[in-house]
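In UniProt numbering, the protein residues as written are 63 to 885.
Idealized CB from N, CA, C, for every residue including glycine.
On a predicted model such as this, the values are computed, not experimentally measured, just so you know.
Below: one structure, written as structure tokens.
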Ligand code: 26W
């Protein structure tokens, strides 16, 4: 009988309004007379949340009953962005909400913008995890995400006097998308010591005793699929003092301060996301975060498995665990500990289960990003885990020794323990040894890890353990949500919205490439998106940019390897060139807006200098009357997922210009092209596969190849025929002349290139970078030719859907099948 009371989709706009008003008046206890945009957002979110919860419960029930194999995606970062727009579109009732809100006097866009971004990530890796959750649900795979519920996400960036200033991101004051599960908790142990004894059968057993305990509390977030009732779960752990509140013993003894301090120390574990992207700093609190999250998640997974009463050897038939980079690698050790120390399995039997369960994805080859933890630190925090790591290493090295006798140097190179002082645990080596598959995230990257950092492991395990899964993006958020008019136009030409769940259907657009009306609409949509961005820039920064100018965008974390410094040097070069021209010559030039955005890690001094240089150049160029609309340089503060949804659809060309071999994949490159923007880029990461798919006539590639990087670096360091590029030398002179303010401020950026080996090869690539930008200007002047490139590129982007990517993981690594409900 209760079924008749279950929530149904809104019948119509009135049905939606009824629910919205009910939430305003009851849940929020407000009157409709003082319902502002913020209250409208809250009530609208709650109304849609009600629809999700119903599907969510049914999905979990279905998955439990079917007892199907699940994948658990372990990621320290989930860069989700906003949830409301996504929920409305995935449920397919945004139009109803729009009409309902309009009648109540609200613009749906303004309501959507009330929501804080869930910014629990740094950049590419975190956003990839979010796209994967969307695809897993859309494709009906039984899947959970596991992460940390940070009280503070990635900091907000303000620009003051041209410099980055970090502001805390307290995002949780109203978050209708999470459900606290105060009944789902796990006690997590730290520190203490190991007691070795024998059991009644004379078997050696290890007991981990003493130390301190912190409580993990589950917070669940529903993840709706697009056009399906499947709604998966993202479980985020929050830390709390184990006693629940502060220690009453201490409290009663009058030791108030220390009882409160214990509580705060516990809560510190999930307090803040580490803001480093591609840099390992080996901080103890970070290791605590990793173990806390991994131990809680594994306890949860094992508890679920044990309910099925299956024998342990079937664990890998029920459970696949994917490690998003090495951050959750301790999960390998923790599962071995559970099986051996707690469940009493033999080492070999346990290890076989462990290795069949895990897969490891590598996201970077930068040496400074490869995680290492010091042995003394792990010894102190996780004494039993250290013993297990040593045993894993011992058995691994013994087998290598049998396979390759008398190769001491090989053993040294592949060992999980690096014999430095202090000794260090190489987490990537542990992840490889404990997994059955290791994958890179684009073809070039997967080849590079096989021939460089993991070469020895390919010799040991054979090539089949190492594979490629090229990254992808969800077309729901990155096309349908971010660019609704383009999505609608595509639907009108391809026979509906089928392309959103089968992106290869975009190829039908090729048939219409010569259709004049279609081409006009295509160009008009891009122009309108540029107008919207221009308005945002004017409103927030006071800079007037001409939407007819070529919008040239580079938005991503600031890092020397991504070479924003080369981009701004290029802009300076353009400025100097324009200044030298006669007014007549100038009038013939293609106007440009150089748009930058991105955060620097708070401790990354050079990245912060680069942000300052960009702003200093903008200050001069944007106020130069002689230059006018011919060049503007804009730095958009606080780049995040929501800003990306506005900026990406407004780009004519975007820059993906990393030193060849350094950017594992890149994913924004895919987002830009999917929105009809062209790319200027190096032969790096997924740029190479994008080129293969869309054709090399539709992309502007330049620069040295990965295979030459080593030799070029060598020439910088040991002399050889290297000279500073003359155009770059001229740019440096101008900076040093003081044109952009105190040259001292920029001395380090210059000397990194000129005096300290130019590790990222800015000078080597600068000439071809400038030449290629000339080609971009020329191509853009041919408006029709440009539109053709834009349409054909979008038509050929089907491969880069995260749906394709997730299907590859499901088949090649996880061995899981979709499980659909009756819709
Ligand atoms: C230990 C500190 C740390 C933190 C984050 C090291 C490394 C990371 C990430 C792995 C960095 C990252 O986000 N990598 C990016 O992953 C994307 C998704 O696969 C790729 O598209 C990007 O090329 C890669 O830089």
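Item: With a cut-off of 8 Å on the beta carbons, I'd call residue 421 and residue 359 a contact; round off their distance for me.; Value: Actually they are not in contact, since the Cβ atoms of residue 421 and residue 359 sit about 15 Å apart, beyond 8 Å.
Item: Secondary structure at residue 425, three-state DSSP: helix, strand or coil?; Value: coil
Item: Given a cut-off of 7 Å, decide if residue 376 and residue 532 are closer than it, judged by their beta-carbon atoms.; Value: no
Item: Can you find a heavy atom of the ligand 26W that lies under 6 Å from the Cβ of residue 187?; Value: yes
Item: Do residue 428 and residue 501 have their beta-carbon atoms positioned less than 7 Å apart in this structure?; Value: no
Item: Would you mind working out which of 507, 208, 194 and 761 sits nearest residue 726, comparing C-alpha positions?; Value: 507
Item: Which value, in whole angstroms, describes the spacing of the CA atoms of residue 195 and residue 536?; Value: 9 Å
Item: Does DSSP classify residue 685 as helix, strand or coil?; Value: coil
Item: Rounded to the nearest angstrom, what separates residue 654 and residue 826 at their Cα positions?; Value: 25 Å
Item: Can you find a heavy atom of the ligand 26W that lies under 6 Å from the Cβ of residue 339?; Value: yes
Item: Whole angstroms are fine: how far does the CA of residue 511 sit from the CA of residue 451?; Value: 23 Å
Item: Enumerated in chain order, which unbroken segments of the alpha helix (DSSP H) with a length of 4 residues or greater are wholly contained in the segment 273 to 326?; Value: 310 to 314
Item: Quick check on DSSP: helix, strand or coil for residue 255?; Value: strand
Item: May I ask you to verify whether the segment 733 to 744 touches the segment 698 to 717, counting CB pairs closer than 8 Å and requiring at least 3?; Value: yes
Item: By how many angstroms is the C-alpha of residue 857 removed from the C-alpha of residue 834?; Value: 24 Å
Item: Please work out which residues of its chain come closer than 6 Å, Cβ to Cβ, to residue 656, disregarding the five sequence neighbours upstream and downstream, and give them in chain order.; Value: 614, 633 and 695
Item: Are there 16 or more other CB atoms within 10 angstroms of the CB of residue 299, so buried, or fewer, so exposed?; Value: buried
Item: Among residues of its own chain, excluding the 5 on either side of residue 251, which ones have a beta-carbon nearer than 7 Å to its beta-carbon?; Value: 270, 273 and 275
Item: Run through the DSSP bridge pairs and tell me what residue 242 is partnered with.; Value: 281
Item: Name the DSSP bridge partner or partners of residue 616?; Value: 658
Item: Going by DSSP, what residue range makes up the beta strand (DSSP E) through residue 384?; Value: 381 to 386
Item: Mind checking which residues open and close the alpha helix (DSSP H) that includes residue 520?; Value: 517 to 523
Item: Decide if the segment 836 to 844 is in contact with the segment 164 to 173; the criterion is three or more beta carbon pairs, one per stretch, under 8 Å apart.; Value: no
Item: In three-state terms, what does DSSP make of residue 168?; Value: coil
Item: In whole angstroms, what is the alpha-carbon distance linking residue 529 and residue 349?; Value: 28 Å
Item: Here's the rule I'm using: 16 or more other beta-carbon atoms within 10 Å means buried, otherwise exposed. How should residue 723 be labelled?; Value: buried
Item: Tell me the start and end of each unbroken beta strand (DSSP E) in the segment 561 to 621 that is at least 3 residues and wholly inside, in chain order.; Value: 612 to 617
Item: Using a beta-carbon distance below 7 Å, is residue 75 in contact with chain C?; Value: Going by chain labels, chain C is absent from the structure shown, which holds only one protein chain.
Item: Quick check on the DSSP output: what are the complete alpha helix (DSSP H) runs of length 4 or more inside the segment 702 to 750, in order along the chain?; Value: 703 to 709 and 730 to 736
Item: Are there any heavy atoms of the ligand 26W lying less than 6 Å away from the beta-carbon of residue 491, as far as the coordinates show?; Value: no
Item: Could you pull out every residue in the same chain whose Cβ sits closer than 7 Å to the Cβ of residue 266, ignoring the five residues on either side in sequence?; Value: 258 and 260
Item: Any heavy atom of the ligand 26W closer than 6 Å to the Cβ of residue 724?; Value: no
Item: Short check: CB of residue 209 to CB of residue 231, under 7 Å?; Value: no
Item: Under 8 Å, with one C-beta from each stretch per pair, do the segment 870 to 883 and the segment 601 to 621 reach the 3-pair mark?; Value: no
Item: Can you name the start and end residues of the alpha helix (DSSP H) that residue 651 belongs to?; Value: Unbroken run through residue 651: none, as it is neither H nor E.
Item: Since residue 434 is in the beta strand (DSSP E), which residue starts that stretch and which ends it?; Value: 434 to 436
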